[in-house]
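Protein chains in written order, with the working numbering: chain A, 1022 to 1309; chain B, 4 to 287.
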Amino acid sequence: MTAAAPPLGPAPVRTAPIGQRLSGLVLPAITALAVVFLFAPLVVMVIFSFNDPAGRQNITWQGFTLNNYLTLWRRPDVTGPMLTSLTIAAISTLVATILGTLIALALTRYDFRGRSATNLLIFLPMTAPEIILGASLLTLWVSMGVGRGFATILLAHIMFNISFVVVTVRARLIGFNRSLEEAGMDLYADAWTTFWKVTFPLIFPGILAAALLAFSLSIDDYVITVFNAGRTVTFPLWVFGVSRLGIPPEVNVLGSLILLLAVAFIAVQLWQSRRQAAAGGPVTIRGR
Amino acid sequence: MSRGRGLIPYIFLLPGGAWLVIFFAIPMAIMLLVSLQEGSLSTGYELTWNFGIYPAVIGESSGQIIRSVTYAFATTVLTLLIGYPMAYTIAFRGGRLKNALLLIVILPFFVSFIIRTLNWKMILADNGIVLGTLKDLGWLDQGFHLIATPAGVIGGLTYNFLPFMVLPLYVALEKIDPRLIEAGMDLFASRVQAFWRVTFPLSLPGVVAGSLLTFIPAVGDFINAELIGAANRDVTMIGNIIQFKYLNANDFPAASALGFVLLVGVMVLIAIYTRVVGTERLTS
């Protein structure tokens, strides 16, 4: 591997030997291959969402159809789990965002005893393997005699989302200019008014990013959910269950629609960041 | 709002903190207690402080434990080999397209984990797009397969955890002042020397964070061994055993003991990491 940093300011003229010019192609080539690797399953997913399979086997290409898209909404076996997942994601996002934002405010605004214990309590759920988070909750329900279902999934999702919200909102609060609040107080706003008129609008982008992250973590979760689900079926659980005979086209249809939504979301992000090109802030989106 | 030791921070902390104590910390303690119980689902469980279960489950599942660590290590090395050139290219050659490139790298991970893994399973199928074609061309033996092999499972893990490596690497590389590398080159370092003696050491926090964030979920994973590994007994990982014992065999004490072994192993890694880098670093 070779390093070739873009020079800052006028660069001294260097004539690169052929070996270095070749290695200048190696890095982009590896990156391009990696991008192909990243997108390969998505290409297959989109193609097979238009497949017209005979029976439920969706393994070989049999012909083009739009039916998979058009009939999707009349399939209760698909829409039911999707609706369950959306409901759980929406409620868990709302609750976790509120609870997590409060913790982030406490951690950045106040000195208090137990700060390092709190940091540890936030940090550990993010680093423990998911299977342990799910399994330990299962032991809680079993030993308390609580039946598993929609409610236990929801409690679990709120739990694993809180830490991610705290971390995301705190990142926004750390770069916060306190003198803006002082200005508000100087203009005779009380603490409550100052919070809602000054602080909240300024940290809102961080809260929104946290909520988006929480929503996407919740709607995609399989591992923790499977230990807490009982008979309730969320979308990832349903996909896992029906995939024994190859992937039904409906699964690829929903995946393709999610991909389309993500592409649109990212396009808007890029368009906005190009408009505020001068600011050049960091990207706040995180993957699964 | 004032900075001080009033009640206010505790009021802010209470609901979320209590939630984490009740649904994270207490379940961990219960899992530990359950592992020391004896009995069955029908007769009920009784706490007998049966510490003997730990050597028993470790002995019984030593194959899967070693396999999980091996697979997770291979995954970490592979994601580093693929992710470093990617993060480097984006950070140093991305120019105005930096953010766009980073978003393209993350884009696939908006689509469900399960759906992506299932489509990998299809691509790698014995007579699928890749292997089928290569076999028809006579470039591969008809009996060759990737599904249900260690290579297939490690490939799936590598795919699924690649962003956990790329993002911390990118953050670390992006922070490096290009003038430091320039300075090295001015002191007659070759590009290769400048990389190994300036760029790489400065990116080490990213390498360590990325390795940890990849290794931990990979070592506890059971989805890839289940789907791409096709539940083949020769590729099952510790996660598969834990999941089976909890959800199918109802052997809660043994499952909890194995879970606790996995948790302790991960915590030791994290403790070493936080000694070196600090918790604030990983969470912010």
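Just so it is clear, CB atoms sit at the ideal spot from N, CA and C, and this is done for glycine as well. Everything numeric in this text was worked out from a predicted model, so none of it was measured.
Under 7 angstroms by beta carbon: chain B residues contacting residue i
{"i": "residue 1104 of chain A", "result": "Within chain B, no residue comes near residue 1104 of chain A; the closest Cβ sits about 16 angstroms away, beyond 7 angstroms."}
{"i": "residue 1276 of chain A", "result": "114, 115 and 118"}
{"i": "residue 1261 of chain A", "result": "117"}
{"i": "residue 1241 of chain A", "result": "115 and 116"}
{"i": "residue 1160 of chain A", "result": "30, 33, 34, 37, 255 and 259"}
{"i": "residue 1287 of chain A", "result": "106 and 110"}
Beta-carbon separation (whole angstroms), residue i vs residue j, contact threshold 8 angstroms
{"i": "residue 244 of chain B", "j": "residue 43 of chain B", "result": "The pair is not a contact, with the Cβ atoms about 18 angstroms apart (cut-off 8 angstroms)."}
{"i": "residue 225 of chain B", "j": "residue 240 of chain B", "result": "6 angstroms"}
{"i": "residue 1294 of chain A", "j": "residue 1182 of chain A", "result": "Rounded, the Cβ-Cβ distance is 26 angstroms, inconsistent with contact."}
{"i": "residue 1190 of chain A", "j": "residue 1135 of chain A", "result": "Actually they are not in contact, since the Cβ atoms of residue 1190 of chain A and residue 1135 of chain A sit about 19 angstroms apart, beyond 8 angstroms."}
{"i": "residue 176 of chain B", "j": "residue 82 of chain B", "result": "Not quite, the Cβ-Cβ distance comes to about 15 angstroms (not below 8 angstroms), so this is no contact."}
{"i": "residue 223 of chain B", "j": "residue 1151 of chain A", "result": "7 angstroms"}
{"i": "residue 1240 of chain A", "j": "residue 113 of chain B", "result": "Rounded, the Cβ-Cβ distance is 10 angstroms, inconsistent with contact."}
{"i": "residue 1248 of chain A", "j": "residue 1155 of chain A", "result": "3 angstroms"}
{"i": "residue 1060 of chain A", "j": "residue 1270 of chain A", "result": "Not really, about 20 angstroms apart at Cβ, beyond 8 angstroms."}
{"i": "residue 23 of chain B", "j": "residue 1146 of chain A", "result": "7 angstroms"}
Residue environment, residue i, which counts as buried when at least 16 other CB atoms sit within 10 Å
{"i": "residue 10 of chain B", "result": "exposed"}
{"i": "residue 1193 of chain A", "result": "buried"}
{"i": "residue 231 of chain B", "result": "buried"}
{"i": "residue 1026 of chain A", "result": "Confidence at residue 1026 of chain A is low in this model, with a pLDDT of 48, below 50, so the placement of that residue is unreliable and no value is reported for it."}
{"i": "residue 1288 of chain A", "result": "exposed"}
{"i": "residue 1297 of chain A", "result": "exposed"}
{"i": "residue 191 of chain B", "result": "exposed"}
{"i": "residue 1031 of chain A", "result": "Since pLDDT at residue 1031 of chain A reaches only 47, below the 50 mark, its modelled position is unreliable, and the value read off the structure follows with that caveat. Residue 1031 of chain A is exposed by the Cβ-count criterion."}
{"i": "residue 1218 of chain A", "result": "exposed"}
{"i": "residue 1165 of chain A", "result": "exposed"}
{"i": "residue 248 of chain B", "result": "buried"}
{"i": "residue 46 of chain B", "result": "exposed"}
{"i": "residue 274 of chain B", "result": "exposed"}
{"i": "residue 271 of chain B", "result": "exposed"}
{"i": "residue 267 of chain B", "result": "exposed"}
{"i": "residue 1139 of chain A", "result": "buried"}
{"i": "residue 1108 of chain A", "result": "exposed"}
{"i": "residue 51 of chain B", "result": "exposed"}
{"i": "residue 1237 of chain A", "result": "buried"}
{"i": "residue 261 of chain B", "result": "buried"}
Proximity of residue i and residue j at Cβ, strictly below 8 angstroms
{"i": "residue 1117 of chain A", "j": "residue 1235 of chain A", "result": "yes"}
{"i": "residue 109 of chain B", "j": "residue 129 of chain B", "result": "no"}
{"i": "residue 125 of chain B", "j": "residue 1067 of chain A", "result": "no"}
{"i": "residue 1127 of chain A", "j": "residue 15 of chain B", "result": "yes"}
{"i": "residue 173 of chain B", "j": "residue 90 of chain B", "result": "yes"}
{"i": "residue 36 of chain B", "j": "residue 53 of chain B", "result": "no"}
{"i": "residue 1174 of chain A", "j": "residue 1253 of chain A", "result": "yes"}
{"i": "residue 1274 of chain A", "j": "residue 1089 of chain A", "result": "yes"}
{"i": "residue 1290 of chain A", "j": "residue 106 of chain B", "result": "yes"}
{"i": "residue 1276 of chain A", "j": "residue 118 of chain B", "result": "yes"}
{"i": "residue 26 of chain B", "j": "residue 1158 of chain A", "result": "yes"}
{"i": "residue 1220 of chain A", "j": "residue 1202 of chain A", "result": "yes"}
{"i": "residue 18 of chain B", "j": "residue 1229 of chain A", "result": "no"}
{"i": "residue 209 of chain B", "j": "residue 171 of chain B", "result": "yes"}
{"i": "residue 1246 of chain A", "j": "residue 34 of chain B", "result": "no"}
{"i": "residue 255 of chain B", "j": "residue 1163 of chain A", "result": "yes"}
{"i": "residue 227 of chain B", "j": "residue 127 of chain B", "result": "no"}
{"i": "residue 1251 of chain A", "j": "residue 1169 of chain A", "result": "yes"}
{"i": "residue 195 of chain B", "j": "residue 183 of chain B", "result": "no"}
{"i": "residue 57 of chain B", "j": "residue 153 of chain B", "result": "no"}
{"i": "residue 179 of chain B", "j": "residue 214 of chain B", "result": "no"}
{"i": "residue 60 of chain B", "j": "residue 234 of chain B", "result": "no"}
{"i": "residue 169 of chain B", "j": "residue 86 of chain B", "result": "yes"}
Per-residue contacts from residue i into chain A (C-beta, under 9 angstroms)
{"i": "residue 269 of chain B", "result": "1148, 1149, 1150 and 1153"}
Per-residue contacts from residue i into chain A (C-beta, under 7 angstroms)
{"i": "residue 53 of chain B", "result": "Simply none; closest approach about 15 angstroms."}
{"i": "residue 11 of chain B", "result": "1131"}
{"i": "residue 92 of chain B", "result": "1048, 1049 and 1052"}
Closer than 8 angstroms at the beta carbon, the chain A residues around residue i
{"i": "residue 251 of chain B", "result": "The premise fails here: residue 251 of chain B is roughly 12 angstroms from chain A at the closest Cβ pair, so nothing lies under 8 angstroms."}
Contacts of residue i in chain B (Cβ-Cβ under 9 angstroms)
{"i": "residue 1177 of chain A", "result": "26"}
{"i": "residue 1108 of chain A", "result": "The premise fails here: residue 1108 of chain A is roughly 17 angstroms from chain B at the closest Cβ pair, so nothing lies under 9 angstroms."}
{"i": "residue 1248 of chain A", "result": "246, 249 and 250"}
Where residue i meets chain B, residues with beta-carbon distance less than 8 angstroms
{"i": "residue 1121 of chain A", "result": "19"}
For a minimum of 4 consecutive residues, which ranges assigned as the alpha helix (DSSP H) are wholly contained in the segment 1208-1264 of chain A?
1212-1215, 1221-1241, 1244-1249 and 1256-1263
Complete alpha helix (DSSP H) runs within the segment 131-207 of chain B (minimum length 4 residues, chain order):
132-139, 153-178, 181-189 and 194-197
Those runs of the alpha helix (DSSP H) which lie wholly inside the segment 1068-1131 of chain A and span at least 4 residues:
1088-1091 and 1097-1130
Where in the segment 207-265 of chain B do unbroken runs of the alpha helix (DSSP H), each at least 4 residues long, occur, reported from the N-terminal end onward?
226-230 and 241-250
I'd like the ranges of any alpha helix (DSSP H) spanning at least 4 consecutive residues and lying wholly in the segment 1142-1167 of chain A.
1151-1165
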